[in-house]
Amino acid sequence: MQHYRTLLGLDLPKHEQYLVYLSNLLHGELGYSFAYGRPVSAILGEALWNTAVLVIAGTALAIVLGLMLGLIAGWKRGTKTDISIIGTQLLMYSMPSFWLSMLMILVFAVNLGLFPTSGVRTYGLHYSNWVEEVVDIAHHAALPMAALSIQLVGEYALLMRASVLDVFTQQYIVTAKAKGLSTRSIVFHHALKNASLPMITVVAINLGYSIGGAIQTETVFAWPGIGRLMYDSVSQLDYPILQGCFLVLAVVVILANLCADLMYGYLDPRVRAAG
Amino acid sequence: MSATYRRTRIAVTRIIRFSTAFRRSKMGMIGLSVLLFFMLLAVFAPYIASYELAMKQGMPQDILTPPSSKHPLGTDDVGRDIYSQIVFGSRVSLLVGFLATVVATSIGTVVGLLSGYYGGSFDEVMMRFTDIILVIPWLPLMIVLAAIFGPSLWNIVFLIGGLWWTNTARIVRSQVLTVKERTYIEKARALGASDFRIMFHHILPNVMALVFANAIILVAWAIMYEAVLSFLGLGVAGQMSWGLILHYAFMTGAITAKAWWYILPPGICIITVVSAFASLNYSLDEIINPRAKVI
């Protein structure tokens, strides 16, 4: 017992433990997992890769769908189309992610047998080339990715709708109308770009949340990503892994916000001029 | 005419005006009725369901049976009645939702008042703190804290309430900043009112409407996150909740057993209650915040 205490540095006072952790961190050393005995960085690397596949694909899909749905809803404000889009999105928004995932497995994997129920790859399958491997992973990723993005679509569509309505009151839209442009042209060429600006900040904030939110989806689909790793480490009291996970989360959140700020300046020259 | 009488009359007129506006909002009325339904369900749970059936394990032939006249929503993996579990589960879900909101709203209102009224370094520290909370993804943090504190009703309540007061604080603060510049505050100060009296007697009533609308949406989120924590096995121990039912359903393989009656009802309950709160919030926002009407 005492041997392990000294080995893990637990006999030092708390603040010295923290200093040791920080100095190791600066050397790129994240320590070893209590549960697996492997370096934290190696475990995190694999998990991060798996989560990135889900979150990036899910976010991209959600942005496209959310933009389109929000644009249509704002454009056809007050009509049945608008109301049904808002209604569906509110419903999706108030749906717990884990339940949606369970439902998708029940319907598409168990009842219809279209997709595998869990995991990243088919167990024991030997791939003859990389195309087969990619197809197999995509097949496994389809449901969890859809589950992740459905939740985001709701938020993005509602935000986009509000933003479109805001843009529609601007003078340049009136000018475009006065020039005799068709509604379609106004919506797609004039409103779309300006209305999607506020989305950037929200997408960036959500990126951090999605990785955390992936805990639910990854748990249900047994997808070995950061979220599931975090959940497992909590139950196994695997603190080095947890520290690593939070470090990754913090870095992702900061990077995403930085990217958003840079993108904003790039897409909106007014911001650049002011800065 | 006494001052108390006049004040009561103003309050009554306000309530009447509000309820007329509220009754006109279709979304608000639907939300309110759904909510009342679930609250009645929670209060009268022992009369409409059987606690014994919810907890008693059945005979082998009772395991995972589809809905029947004996069990309206079927049975779970150890033969317990799912209908009764859901009815009793509404108690924990609603209780956690309301209590967590009370905690979050009280902390948030007080911090927002002090921050907005005094400004200075207290304000600075508090606002930087809310900035931090805003960018930290809640769920991982909640999971870690829930695992450390252990599963109990009060721990979940203080966990959710302790993390979510920041939003209320920001809303109250920004409102206080404008209200405190009005002349009647200056008059109150000239009359010798203490800071405490100005904050809680003169400013607070002007902020309450916003606080209330914000609280409604907090309840929805608290119910949602209670379900998530319970689903992950970190919720209230020993009492049925909708999240816990789904936890058991997931752990015992109800999905591959195609036991839809085990999976659908708890989720539908969560969605219904959460969206009821959301639509209530929407209609309140419309009434309190007339600018939103344009959209």
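Those protein sequences? They're chains A and B, same order as listed.
Residue 326 is where the first sequence starts when you use our numbering, and the numbers rise one by one after that.
Residue 76 is where the second sequence starts when you use our numbering, and the numbers rise one by one after that.
Don't be surprised by glycine CBs; every beta carbon is placed ideally from N, CA and C.
State buried or exposed for residue i, treating a residue as buried only when at least 16 other CB atoms are found within 10 Å of its CB.
i: residue 284/A; result: Since the displayed chain A opens at 326 and closes at 600, residue 284/A lies outside it and no answer follows.
i: residue 515/A; result: buried
i: residue 525/A; result: buried
i: residue 587/A; result: exposed
i: residue 163/B; result: buried
i: residue 257/B; result: exposed
i: residue 508/A; result: exposed
i: residue 594/A; result: exposed
i: residue 328/B; result: exposed
i: residue 306/B; result: buried
i: residue 62/B; result: Residue 62/B is absent from the model: chain B starts at 76 and stops at 370.
i: residue 496/A; result: exposed
i: residue 262/B; result: exposed
i: residue 370/B; result: Any answer about residue 370/B is weak, because its pLDDT of 37 lies below 50 and its placement is not dependable; what the coordinates show is given next. So residue 370/B ends up on the exposed side.
i: residue 472/A; result: buried
i: residue 480/A; result: buried
i: residue 196/B; result: exposed
i: residue 78/B; result: exposed
i: residue 544/A; result: buried
i: residue 341/A; result: exposed
i: residue 375/A; result: buried
Alpha carbons only, please: which of the options is nearest the one belonging to residue i?
i: residue 462/A; options: 360/A, 475/A, 441/A; result: 441/A
i: residue 109/B; options: 363/B, 350/B, 356/B, 360/B; result: 350/B
i: residue 571/A; options: 185/B, 301/B, 321/B, 211/B; result: 211/B
i: residue 566/A; options: 335/A, 338/A, 356/A, 337/A; result: 356/A
i: residue 427/A; options: 355/B, 332/B, 361/B, 79/B; result: 332/B
i: residue 528/A; options: 477/A, 340/A, 471/A; result: 477/A
i: residue 302/B; options: 214/B, 140/B, 115/B, 143/B; result: 214/B
i: residue 359/B; options: 253/B, 100/B, 275/B; result: 100/B
i: residue 297/B; options: 182/B, 239/B, 224/B, 158/B; result: 239/B
i: residue 469/A; options: 418/A, 386/A, 568/A, 484/A; result: 386/A
i: residue 400/A; options: 531/A, 568/A, 492/A; result: 492/A
i: residue 418/A; options: 551/A, 483/A, 558/A, 539/A; result: 483/A
i: residue 573/A; options: 403/A, 367/A, 328/A, 481/A; result: 367/A
i: residue 161/B; options: 113/B, 304/B, 189/B, 330/B; result: 113/B
i: residue 115/B; options: 147/B, 339/B, 336/B, 348/B; result: 348/B
i: residue 339/B; options: 394/A, 369/A, 425/A, 437/A; result: 425/A
i: residue 156/B; options: 315/B, 220/B, 280/B; result: 315/B
i: residue 140/B; options: 354/B, 337/B, 93/B; result: 337/B
i: residue 281/B; options: 92/B, 151/B, 184/B, 142/B; result: 184/B
Looking only at its own chain, which residues have a Cβ that is under 7 Å from the Cβ of residue i, when we skip the five neighbours before and after it?
i: residue 98/B; result: 104
i: residue 90/B; result: none
i: residue 614/A; result: Chain A is shown only over 326 to 600; residue 614/A falls outside these bounds and no answer can be derived.
i: residue 117/B; result: 165, 166, 169
i: residue 85/B; result: none
i: residue 513/A; result: none
i: residue 336/A; result: 330
i: residue 356/B; result: 288, 291, 292
i: residue 365/A; result: 355, 356, 357, 358, 565, 566, 569
Which residues does DSSP list as the beta-bridge partners of residue i?
i: residue 156/B; result: 150/B
i: residue 357/A; result: 364/A
Taking 6 Å as the limit between beta carbons, can you name the residues of its chain near residue i, skipping five residues before and five after?
i: residue 236/B; result: 175, 178, 179
Quick one: residues in its chain with C-beta nearer than 8 Å to the C-beta of residue i, no 5 flanking neighbours on either side, listed in chain order?
i: residue 562/A; result: 359
i: residue 589/A; result: 522, 525, 526, 596
i: residue 232/B; result: 171, 174, 175, 178
i: residue 208/B; result: 238, 241
i: residue 192/B; result: 251, 255, 270, 273, 274, 278
i: residue 368/B; result: Low confidence applies to residue 368/B: its pLDDT is 43, below 50, so where it sits in the model is not reliable enough to give any reading.
| Contacting positions in the stretch 277–304 of chain B - beta carbon closer than 8 Å to chain A | 295, 299, 302, 303
| Between the stretch 318–335 of chain B and chain A, which residues of the former have a C-beta closer than 7 Å to a C-beta of the latter? | 321, 325, 330, 331, 333, 335
| task | Below 7 Å between beta carbons is the criterion; list the residues of the stretch 395–421 of chain A that meet it against any residue of chain B, in chain order. | result | 415, 416, 419, 420, 421
| query | When you check each C-beta in the stretch 529–549 of chain A against every C-beta of chain B, which residues fall closer than 8 Å? | reply | 530, 533, 534, 536, 537, 538, 540, 541, 544, 545
| request: Note down, in chain order, all residues in the stretch 440–459 of chain A with a beta-carbon under 9 Å from any beta-carbon belonging to chain B. | output: 442
| request: Please list the residues of the stretch 77–109 of chain B that have a C-beta atom closer than 9 Å to any C-beta atom in chain A, keeping them in chain order. | output: none
| Using a Cβ cut-off of 7 Å, which residues of the stretch 218–248 of chain B contact any Cβ in chain A, in chain order? | 218, 219, 222
| Listed in chain order, which residues of the stretch 155–185 of chain B have Cβ atoms closer than 7 Å to some Cβ of chain A? | none
| said: Output needed in chain order: residues of the stretch 356–376 of chain A with a Cβ under 7 Å from some Cβ in chain B. | reply: none
| Residues of the stretch 181–214 of chain B whose Cβ lies closer than 9 Å to any Cβ of chain A, in chain order | 209, 210, 211, 212, 213, 214
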